[in-house]
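These protein sequences, in sequence, are chains Z and Y.
Each residue of the first sequence is one higher than the last, beginning at 1 in my numbering.
Each residue of the second sequence is one higher than the last, beginning at 723 in my numbering.
Taking it in order: structure first as structure tokens, then the write-up.
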Amino acid sequence: MDPSSEEKNTNKASDHESDEDEVSDRKHSSLINTIGSLDGRKRKVNERSEPSAQVSEFHVGGSTESRKIKLHELVGTFKNTARHSALKKQLNSVRKSGKILSTPLSKPEQERVQRSIAYDITSKEISKWEPIVQQNRKAEQLKFPLNQPDLKLPTSDQIIQRFQPRTPLELEVAKLLHGSQHVFTKDKPLSKAEEKALKAMSLEEATRRRAELQKFRALLSYKEAKQRRQNKIKSKTYHRILRKEKLKNTKRDLLEMEGKDPEAFAEKLNQVEKERVEERISLKHKGGSQKMKKVMAFGKYNDQARQSLQDMLTKNKELTEKRKAESSASEEEDEDDDDKTMDVSMATSGQSLGGKQTYNPWMTHGAPKSADSAKLVPLNNSDEDLANDNTRGCYRKPEAVQNCEVASDSSDGEDREDSHTVIIKKSDSRQKRLQLDRNEEQEDSEEEIISQSLERKKTYEEFEDFETIDTDSIAKVKVRKVGKPSKMVEENDKRNKDVYIDPKKVLTVEAEIIASQNSQLVTEDNDDVDNVNDADREQRMTIAQAFAEDDVIEEFTQEKKSIREKDKLKDIDLTLPGWGEWGGVGIQPSKKKRKRFMIKAPPPLPRKDKLLGNVIISETKDNSIAKHQVNQLPFPFTNVKQFQSSIRAPIGKTWNTEMSFRELVKPKVTTQLGKIISPIDKNSMFKKQKVTGKAFIESKRTERDSHNKKKASDHQKGKRKV
Amino acid sequence: MLCLIISQCGEDKIIKQWNSKAPLLDKKEEPMNTILGKHIYHGIDHHWKKDIFATCGECLDVWDEERMEPVRSFTWGVDTVGSVRFNPIETHILAATASDRSIMLYDMRGSAPLRKVILKMSSNRVCWNPMEAFIFTAANEDYNLYTFDIRKLNLPLNIHMDHISAVLDIDYSATGKEFVSGSYDKTIRIFPVDKGHSREVYHTKRMQRVQCVRWSSDNKYLLSGSDETNIRLWKANASEKLGALKPREKEAFQYNEKLKEKFQFHPQVKRISRHRHVPKLIYSQQRELRIMRQSEKRKEANRRAHSKPGSVPFVPERSKHVVSEEK
């Protein structure tokens, strides 16, 4: 077809259409025909007549074929025309670049894609909660509501910053503070005045002063540190040494004072005497107070209480002690007294003075007298005296008591001497010394022992030894006494011979007595306290006597034996009398048969208490407890040990400190009644993170900037070099 | 406007908005606003922060309080949506249950729904955990409750069993550690979030089917509404002493709690702490269910024992109840 004519035709047609819109199709076609005929040539019409596989502008190819249509096939008809060159070029470029839009998806598919994208975004967004959720799940304790207002009081710094002087007084003070040259400012180490002074000083002077100040400061800090260290020392020995040293110093001072300043010395003596008198009047340290009575009654087993009691008593002794200044007449008066205890105490005190240097410097009297008086007392001691002694007080040295008893019983001097020597033989030299020491301290009438031991304690180690060994020796004695209480007298008689105690039989009672040792040790010094212990002892004695006949050890071994027998597996006899042979009264099944139907018990396993002398271990299972026991390892635990340890650890206040108790019983979740708990808030939870995120970005930015700058500068440098 | 708005919808195609303030003495209370809808509404829920609410029925509509037309409508299939809940933390996310046994998730900001998970039986209600944004629990018709993580919908995190009839409603405690469920079996149960069984069961002789339950915002009380038209108030922790406590008292209670926790595995302690009295019907029904489950298990075990190894695979309980997750 001629393209020019076609164009014309179309133009005309379009004109015509624009003129008259409502021209019928028939008219229109006839018009076209007439116009076509005007040309003189028959117009060729391209029409689709039948389906073909060929691709053309009217046919896109078989729909059944799945093959894709290529662009060049569609555009094939353009080949011959010159008119569409621009379009062809464009199509060619498209074909070369290969950027072709894909066919749009169907609506359901499209929606599915939308949904899955939206879901992915949402789940990613919501995942930011993950750390917070995990943290809350693992938290030891959650306090709801989570975002509680900050109710902290402002710090002093904050208050100062906000403070404005208002009242006239405040204004005045503020004026002074801010106007003064001596006020320190925060940022400077020196005040203005100081700075001025420093400036005014010469350099030398300033350095000198500074050095001086530094020295003082250093000294001060050294001293402080030393005192702090000393305060922390817990050693008793150290404190004892310290005390002794202090005492020695005061003593020395006093002696010096005596030489230099007799007046002051006399005054000092007066003061001490006054103190003594006051003490004797008030008997403040005698143990009359309510508290001390209680301590005496109940504080036996409390080390601290006992120590305080001991201290009090020594204080009492110290204060009521007579001194050199007292005349011998007064001493005589005392001797005349009915009270024999005083006598004894005086004697011993004197003797102690003779034997050893006491801490009272002005007590240097009565040394020679000691030996005689000391000897006299026990000899004169009748039974009555002894009884007196016992009621008044206490356990003095048990051995000594026994010795006294021996003495009174035998009333023979030689015999007594013998018994004493026996004891001495048994106790080693150390013990002797101890006894001596004790007697010195006690200031009681144990003169025999004193007379035989002349050693002195020289070092602190010796003192320490005394303390430890003393308890041992007493324990031994006590055991001896209580273990065989009924035979005490006999034993005393037999002392001269070999004393043998069956240690096995004593074993059961030993522990009990050792437990009560310490209390006795303490109370020995004091008369009043002894009454309590006396009763205690009496009771124990009576109990011991009451059970004297019972042979506990023997009983125990019997019981053990019977239990062992009982737990043994027994043979099972399955013989049926009369089975397979004659039966009847008095007919025993044959030996052979019995042997055949007897099931022998296996040999018993070794018992756990086989090698333990004084123990019975029951190996049978107790079913009554089983129903309270956990029979399966509970879930979070992986082994039995873990579970057991968790059960063993106590929670209560009795076994834990207050703080750890609170920590232990802390509930996992706490809420307040009537306080609304709103859902966890996004803004408040991520506020912090946002801030940190910003900071991160900032830092990144600065980093990048610096990097860029560096790059730029490098670049410039490079340029310069070039 | 400072007043709160309570929206209400019913099966009469009407949404009414009420003022939560009490009316004046001589005035009759009237709704502030009434919207005539196009279809029946089954559920309604209000946004946690904005003046927006959502209704569900034939489709899920999101409404602005100021307007008479829904701001947005979501449809996915032709099912009836039974209930809808806003997420309290990520407030633009919604969860809804539909009659095609599915639980659907929506994002209010987008035009398309997010995802759908189909269970074996239909769910009645869902509730979001107020402390964990991606966790929700659905109350199902098959007597169980299913806790899901919205990022992994193909498998529930936990199945909570104990009810012996369809679970009708569920609500989380404000702490997000427990939830309460009301059931058609006339009981209310409290479940810990991470446990498969309830820690507490509440029932009374007169309480009928429990239609709705709520947990109070201070975590101390439960509210339940049941068929006999009563609202009941329960203590969330039955043995707790209410009112102000003295410090020593408080400490003692805490100590006791800790001791109970420590010795919880001891048989007698366990027996006492576990013991609850339930009506005979519930007791017998529970036993029946247990027997059924056991027999099923036994049968499966037998089948496994007598067939070719691997031909009867072990199917975990959690995956038994999910049919599919649809994208």
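Positions of the beta carbon are idealized from the N, C-alpha and C atoms, including for glycine.
Predicted model, so just to flag it, every value in this text is computed and none were measured.
Nearest-angstrom Cα separation, counted from residue j out to residue i
i	j	result
Y:Phe858	Z:Lys668	22 Å
Z:Ser645	Z:Ile599	45 Å
Z:Thr167	Z:Lys175	12 Å
Y:Asp864	Z:Pro104	43 Å
Z:Lys484	Z:His628	Note on Z:Lys484: pLDDT 42, under 50, position unreliable in the model; the coordinate value appears next. Their backbone Cα atoms lie some 45 Å apart in a straight line.
Y:Tyr1005	Y:Asn959	22 Å
Z:Pro189	Z:Arg217	16 Å
Y:Ala818	Y:Tyr868	14 Å
Y:Ala1027	Z:Gly652	52 Å
Z:Ser221	Z:Ala211	15 Å
Y:Thr909	Y:Arg1012	18 Å
Z:Leu31	Y:Ser833	55 Å
Z:Lys286	Z:Lys236	25 Å
Y:Phe808	Y:Thr777	11 Å
Y:His882	Z:Leu142	24 Å
Z:Ile617	Z:Leu605	14 Å
Z:Asn639	Y:Phe985	17 Å
Z:Lys226	Z:Lys294	39 Å
Z:Glu245	Z:Gln214	33 Å
Z:Glu399	Z:Thr620	Any reading at Z:Glu399 must be qualified, since the residue scores a pLDDT of 42, below 50, and its modelled position is unreliable; the value itself is stated next. Whole-angstrom Cα-Cα distance: 48 Å.
Residue interval of the beta strand (DSSP E) (run including residue i)
i	result
Y:Thr926	Element bounds for Y:Thr926: n/a, residue is neither H nor E.
Y:Met826	824 to 829
Y:Ile886	Y:Ile886 -> no beta strand (DSSP E), and no H or E assigned at all.
Y:Leu964	That residue, Y:Leu964, is in no beta strand (DSSP E); it is neither H nor E in DSSP.
Y:Ser805	803 to 808
Z:Thr237	Careful: Z:Thr237 lies outside any beta strand (DSSP E), inside the alpha helix (DSSP H) at 236 to 260.
Y:Pro914	910 to 914
Y:Gly765	765 to 768
Y:Gln739	736 to 741
Partners in chain Z for residue i, counting only beta-carbon separations shorter than 8 Å
i	result
Y:Ile1050	Outside the shown range of chain Y (723 to 1049) lies residue 1050 of chain Y, about which nothing can therefore be said.
Y:Ala834	Glu111, Gln114, Arg115, Ala118
Y:Asp829	Ala118, Thr122
Y:Lys760	Ordered by position in chain Z, no residue passes the 8 Å Cβ test against Y:Lys760, which lies about 22 Å from the chain.
Y:Lys1049	Arg112, Arg115, Ser116, Tyr119
DSSP beta-bridge partners of residue i
i	result
Y:Leu782	Y:Cys778, Y:Phe796
Y:Asn862	Y:Ser845
Y:Thr869	Y:Thr859, Y:Asn880
Y:Tyr894	Y:Phe901
Y:Ser948	Y:Val932
Y:Ala820	Y:Val803
Z:Arg582	Reading the sequence as shown, one finds Trp at residue 582 of chain Z and not Arg. Note: Z:Trp582 sits in no beta bridge, so no partner.
Cross-chain neighbours of residue i in chain Z, by beta carbon under 9 Å
i	result
Y:Pro810	Ser678, Pro679, Ile680
Y:Ala896	Phe144, Pro145, Thr671, Ile676, Ile677, Ser678, Pro679
Beta-carbon neighbours of residue i, restricted to chain Y and to distances below 8 Å
i	result
Z:Val665	Glu973, Gln976, Tyr977, Glu979, Lys980
Z:Val630	Phe987, His988, Pro989
Z:Ile651	Tyr977, Lys980, Leu981, Lys984
Contact list for residue i against chain Z, beta-carbon separation under 7 Å
i	result
Y:Ile1050	Missing from the structure shown is residue 1050 of chain Y; chain Y here goes from 723 to 1049 and no further.
Y:Lys899	Val669
Chain-ordered chain Y contacts of residue i [CB-CB under 9 Å]
i	result
Z:Ser127	Phe856, Arg873
Proximal chain Y residues relative to residue i, where beta-carbon distance stays under 7 Å
i	result
Z:Pro634	Phe987
Z:Val133	Glu854
Boundaries of the alpha helix (DSSP H) in which residue i is found, first to last residue
i	result
Y:Lys814	The amino acid occupying residue 814 of chain Y in the given sequence is His; Lys does not appear at that position. Unbroken run through Y:His814: none, as it is neither H nor E.
Y:Ser1046	Here Y:Ser1046 belongs to no alpha helix (DSSP H); instead the beta strand (DSSP E) covers 1044 to 1048.
Z:Lys315	303 to 320
Residues within the region 765 to 795 of chain Y neighbouring chain Z, beta-carbon criterion of under 9 Å: Flagged, chain order: Trp770.
Report the residues of the region 94 to 121 of chain Z with a CB closer than 8 Å to any CB of chain Y, ordered along the chain. Cβ contacts with chain Y come from Glu111, Arg112, Gln114, Arg115, Ser116, Ala118, Tyr119.
What residues from the region 851 to 874 of chain Y come within 7 Å of chain Z, judged by C-beta to C-beta, listed N to C? Flagged, chain order: Pro852, Met853, Glu854, Ala855, Phe856, Ile872, Arg873.
Proximal residues, the region 667 to 680 of chain Z versus chain Y, C-beta separation under 9 Å: Closer than 9 Å at the C-beta level to chain Y, one finds these residues of the region 667 to 680 of chain Z: Pro667, Lys668, Val669, Thr671, Gln672, Leu673, Gly674, Lys675, Ile676, Ile677, Ser678, Pro679, Ile680.
Could you please tell me which residues of the region 135 to 161 of chain Z, in chain order, have their CB closer than 9 Å to any CB of chain Y? When C-beta distances to chain Y are compared with 9 Å, the residues of the region 135 to 161 of chain Z below that value are Asn136, Arg137, Leu142, Phe144, Pro145, Leu146, in chain order.
Given a limit of 7 Å on CB to CB distance, which residues of the region 929 to 957 of chain Y reach chain Z? Within the region 929 to 957 of chain Y, contact with chain Z at the beta-carbon level (separation under 7 Å) is assigned to Ser939, Asp940, Asn941, Lys942.
Report the residues of the region 608 to 627 of chain Z with a CB closer than 7 Å to any CB of chain Y, ordered along the chain. If the cut-off is 7 Å between Cβ atoms, the region 608 to 627 of chain Z has Lys627 near chain Y.
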